[in-house]
Amino acid sequence: MTIELKENERLDDLQRNGFQIIQKTDGFCFGMDAVLLSGFASVRKGEKALDLGTGTGIIPILLKAKTEGEHFSALEIQEEMADMARRSVAANHLEKDITVVTGDIKEASRIFGAASFDVVTSNPPYMNDAHGLKNPDLPKAIARHEVLCTLDDVTREAAKVLKPGGRFYMVHRPHRLVEIITALTKYRLEPKRMKMVHPYVDREANMVLIEAVRGGRSMIKVEAPVIVYKEPGVYTDEIYDIYGY
1 MTIELKENER LDDLQRNGFQ IIQKTDGFCF GMDAVLLSGF ASVRKGEKAL DLGTGTGIIP
61 ILLKAKTEGE HFSALEIQEE MADMARRSVA ANHLEKDITV VTGDIKEASR IFGAASFDVV
121 TSNPPYMNDA HGLKNPDLPK AIARHEVLCT LDDVTREAAK VLKPGGRFYM VHRPHRLVEI
181 ITALTKYRLE PKRMKMVHPY VDREANMVLI EAVRGGRSMI KVEAPVIVYK EPGVYTDEIY
241 DIYGY
């Protein structure tokens, strides 16, 4: 199959099942956070999953490679990004497995219907108006700052589209952990697992991975942290395993 690449686009090898993804050469690209989330999330045989704010579709493509989920849906508000995701899905012959929808996270429950999914994943914008400067490049700003949706929007819609007992997986920043827990419990998404991510063993965490269950009982397991680098430029064995090298 001939893969359609537009101006300023490249095709990257994901090192999983021969899958590839289209990315911008001069724009926002997926990062370690998306890869870590795909390794942390669990989609079981027969389950249906939704990725909120999918960008170029990296998370559903990786989850298709790593899990036995039945079907993966992806929601993205920026049509240019959604189009790239659709072309990546087609390039990997995954049209029957992954559906990309252009739409607003704030309308997810209206688009897909209530209690429609077993699993929801999200790598949402990390920065609110009180944290960090907005990137002058709008697509990057939308991906990194709460320009078009807030943490409350993401958790509310995740709760609505999840079936009772369904699981929500999110990667975010530790400095917003109090807000995260508050938002989750507000919508009866009970935090069950949490894992901190440290760039080096002696550095403070810069990411947090969380699993919450819709209507779950109050109990959280704090798992062993992820250490990304042994030394500059050298990943730990755990990271190589998540990447599939």
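With UniProt numbering as the guide, the letters of the sequence shown map in order to residues 1 to 245.
All residues carry an ideal CB built from backbone N, CA and C; glycine is no exception.
- Leu189 sits away from Thr150, with the two beta carbons spaced by 8 Å or more.
- Taking each of Lys48, Ala91, Glu107 and Tyr235 in turn and checking the Cα distance to Leu162, the smallest one comes out for Lys48.
- Cβ-Cβ separation between Glu157 and Ala108: approximately 4 Å, consistent with a contact (criterion under 8 Å).
- Three or more pairs of CB atoms, one per stretch, sit closer than 8 Å, so the stretch 169-177 contacts the stretch 193-207.
- If you draw a 10 Å sphere on the C-beta of Thr182, you find fewer than 16 other C-beta atoms in it, and that means exposed.
- For Ile105, the secondary structure class from DSSP, reduced to helix, strand or coil, is helix.
- Each of Arg203, Ala34, Asn123 and Val119 was checked against the Cα of Glu70, and the nearest Cα belongs to Val119.
- Boundaries cannot be given for Thr150, as no beta strand (DSSP E) includes it and DSSP labels it neither H nor E.
- Taking the CA atoms as reference points, Leu5 sits about 22 Å from Gly53.
- Excluding sequence positions up to five before and after Thr56, its CB lies within less than 7 Å of the CB of Ile21, Ile22, Gln23, Phe30, Met81, Met84, Ala85 and Ser88, all in the same chain and listed in chain order.
- In this structure, DSSP gives Asp237 a helical state, which the three-state scheme calls helix.
- Shown here, Thr99 sits in a strand according to DSSP, grouped into three states.
- In this chain, the alpha helix (DSSP H) harbouring Lys64 covers Ile58 to Lys66.
- Per DSSP, the unbroken alpha helix (DSSP H) holding Ala183 starts and ends at Leu177 to Lys186.
- Taking 8 Å as the cut-off, the Cβ atoms of Val100 and Leu62 do not count as close.
- Residue environment for Leu11: exposed (fewer than 16 other C-beta atoms within 10 angstroms of its C-beta).
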